[in-house]
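One structure below.
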Amino acid sequence: MDPSIPKTLWAAQITELVAIITLIPSHETGGIIVQVGKEAASTWMVGDRVGILSFKNACGSGAGCTGSHKRYGGLDPRFCDHRETGGFKHNGCFAEYMVATRQRWWHCLTRFPLNRERRYQCAGATVWGAINKARPFIRPADTIGVVGIGGLLGQLGLQFAKALEYRTVAIDKRDSSLRLMNDKPSKLRPDLLVNSTHDNANEEITKQTAGEGLAVVINCTDSIAVNAWTLGLQWVGSVAVLLGPPPEQWRFDTHLFREEVREMMEAVSEHGIRSQLTVVERDDIPRIPETYSSRAFRGRRLFALSQGALTQSMELNGNVVTFNTPFQ
1 MDPSIPKTLW
11 AAQITELVAI
21 ITLIPSHETG
31 GIIVQVGKEA
41 ASTWMVGDRV
51 GILSFKNACG
61 SGAGCTGSHK
71 RYGGLDPRFC
81 DHRETGGFKH
91 NGCFAEYMVA
101 TRQRWWHCLT
111 RFPLNRERRY
121 QCAGATVWGA
131 INKARPFIRP
141 ADTIGVVGIG
151 GLLGQLGLQF
161 AKALEYRTVA
171 IDKRDSSLRL
181 MNDKPSKLRP
191 DLLVNSTHDN
201 ANEEITKQTA
211 GEGLAVVINC
221 TDSIAVNAWT
231 LGLQWVGSVA
241 VLLGPPPEQW
251 RFDTHLFREE
261 VREMMEAVSE
271 HGIRSQLTVV
281 ERDDIPRIPE
291 TYSSRAFRGR
301 RLFALSQGAL
311 TQSMELNGNV
321 VTFNTPFQ
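See below:
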């Protein structure tokens with residue numbers, strides 16, 4: 001089981017993502033190609049490690065698709081009013097096999113285990129997109145603050161920012177979350193760790209930035225109060241990107257196109273960016289509520305229900321691929 005299952009079902013129920021809940025869940029897809037259709041055979045082959053984006057099947061005729069053609073010269077499911085969203089409003093990847101069109105694939109450039117690789121597909125892609133949205137407004141070596149680093153959004157965001165040669169400040173209300181950054185490669189560790197509950201938190205950040213404040217704040221929590229507090233950490237021309245969707249509604253679109261995911265994975269491979277996982281075996285699943293409430297885990301939980309290569313074959317036509325997903 002993927003931790004994204006309860007998360008996406010929660011999002012579908014309390015936001016504008018109106019969905020039929022009787023669907024195949026999970027939106028973080030990674031696997032190995034076992035069969036390729038004829039139109040994709042020139043660039044993809046059996047054995048390739050791939051990921052698949054959640055958005056698919058742009059209609060090609062609506063206003064969003066027309067605008068995508070005019071601006072980008074092609075279809076982009078992100079902008080289609082009739083798009084399908086795997087794991088949110090339509091069937092996802094919680095299965096042994098799935099079929100997808102080649103427009104949705106991206107090649108896994110790294111050699112991490114697949115259970116780590118697919119973690120970048122949602123959290124990694126989201127926070128990479130947040131940094132890219134801010135980059136046109138900041139200077140080299142400016143300071144990026146990331147709020148909420150107990151999960152993958154914050155951990156990966158800090159490493160991405162350091163890989164892009166920005167200074168970074170890690171902000172969290174738990175010392176246990178801040179200590180997670182000590183396990184990262186030295187070149188990717190933040191320049192400053194700040195516990196936001198301490199009375200001198202603002203003073204530490206002001207001192208670190210020579211009085212200028214943070215050039216960018218990437219907020220990975222869903223607290224409106226924290227969002228408001230972080231605005232006081234910024235200065236002239238600063239940028240705030242809010243990634244934690246509050247229950248009331250989604251405030252913006254953080255979804256990425258395939259090319260941005262490819263650029264992100266190149267950075268992951270080049271700089272050795274890592275995510276932390278706690279693998280939960282089948283027999284330990286009943287104890288998940290207890291370990292979650294006591295925070296007796298590191299990083300993201302991954303539920304390993306099956307492993308190993310699968311050999312079942314399917315008949316395919318056209319530009320589709322089937323691949324197995326050994327970790328859910």
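Just so you know, we're using full-length UniProt numbering here: the sequence shown kicks off at 1 and counts up by one. C-beta: ideal position from N, C-alpha, C; glycine also. Every value quoted in this text rests on a predicted model; they were computed, and no experiment measured them.
DSSP places V226 in the helix class (H, G or I) of the three-state scheme. It is roughly 38 angstroms from the alpha-carbon of E263 to the alpha-carbon of D283.
Between the segment 156-163 and the segment 181-189, the count of C-beta pairs closer than 8 angstroms reaches three or more; the two stretches touch. Judged by their CB atoms, K133 and V241 are nearer to each other than the 8 angstroms cut-off.
CA-CA distance, T230 to H198, rounds to 14 angstroms.
Within the same chain, Cβ atoms closer than 6 angstroms to the Cβ of D48 are found at I33, the five residues on either side in sequence being excluded.
A straight-line Cα-Cα distance of about 45 angstroms links T206 and C93. Between L233 and N202 a beta carbon distance of about 7 angstroms is seen, short of the 8 angstroms cut, so the two are scored as contacting.
Shown here, I24 sits in coil according to DSSP, grouped into three states, outside any helix or strand. In the three-state scheme derived from DSSP, where H, G and I count as helix and E and B as strand, S269 is classed as helix. Taking C-alpha positions only, R102 is separated from A40 by approximately 6 angstroms. A direct Cα-Cα distance of roughly 10 angstroms separates H271 from L164.
Excluding its 5 nearest sequence neighbours in each direction, H90 has C-beta neighbours in its own chain below 7 angstroms: L23, E84, listed in chain order.
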